[in-house]
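The sequence shown begins at 102 in my numbering and counts up by one.
In this text, a Cβ means the ideal position worked out from N, Cα and C, and glycines have one as well.
Remarks on the structure that follows.
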Amino acid sequence: MLIFIYKNKLQDAYPNISVAYQIYLTMPVTSASCERSFSKLKLIKTYLRSTTEQARLNNLSILSIENKIARQINYEDIINDFAAKKARKVNF
Numbered sequence: 102m103l104i105f106i107y108k109n110k111l112q113d114a115y116p117n118i119s120v121a122y123q124i125y126l127t128m129p130v131t132s133a134s135c136e137r138s139f140s141k142l143k144l145i146k147t148y149l150r151s152t153t154e155q156a157r158l159n160n161l162s163i164l165s166i167e168n169k170i171a172r173q174i175n176y177e178d179i180i181n182d183f184a185a186k187k188a189r190k191v192n193f
C-alpha cells in the first residue's frame with residue numbers, strides 16, 4: 102500500500118496516511134515476548150511472595166524467560182570447570 106502511494110505520488114495528497122503506514126511498517130510484529138516477560142515476573146513474584154532481593158528476582162526472571170537456553174546448559178561441564186579452578190579462599 103505504501104509503495105502504491107509513492108509510485109502514484111499520492112504522499113502529498115494523503116500525508117497522514119503515508120506517515121501512518123511508515124509507522125505501522127516499523128512496528129514489531131508482536132509484543133508477546135514483552136508480555137510473556139511481565140507474566141513470568143508476576144508468577145515468580147507471586148510464588149516467592151516478594152521476599153527476595155531485587156537482584157535475585159531479576160536473575161530468576163531472566164532464567165524463566167530464557168528457559169529454552171537454560172535447559173540446554175550442561176551442568177556437568179560447569180561443575181567440572183569450576184572444580185578444576187584453583188581455590189579462591191584467602192588464608193589469613
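In this structure, DSSP gives Q123 a helical state, which the three-state scheme calls helix. The DSSP-derived three-state label of E167 is coil. In the DSSP assignment, I179 falls within the unbroken alpha helix (DSSP H) covering Y176 to A185.
Remark: C-beta atoms of I106 and I118 approach each other more closely than 9 angstroms. In the three-state DSSP reduction, Q155 falls in the helix class (H, G or I).
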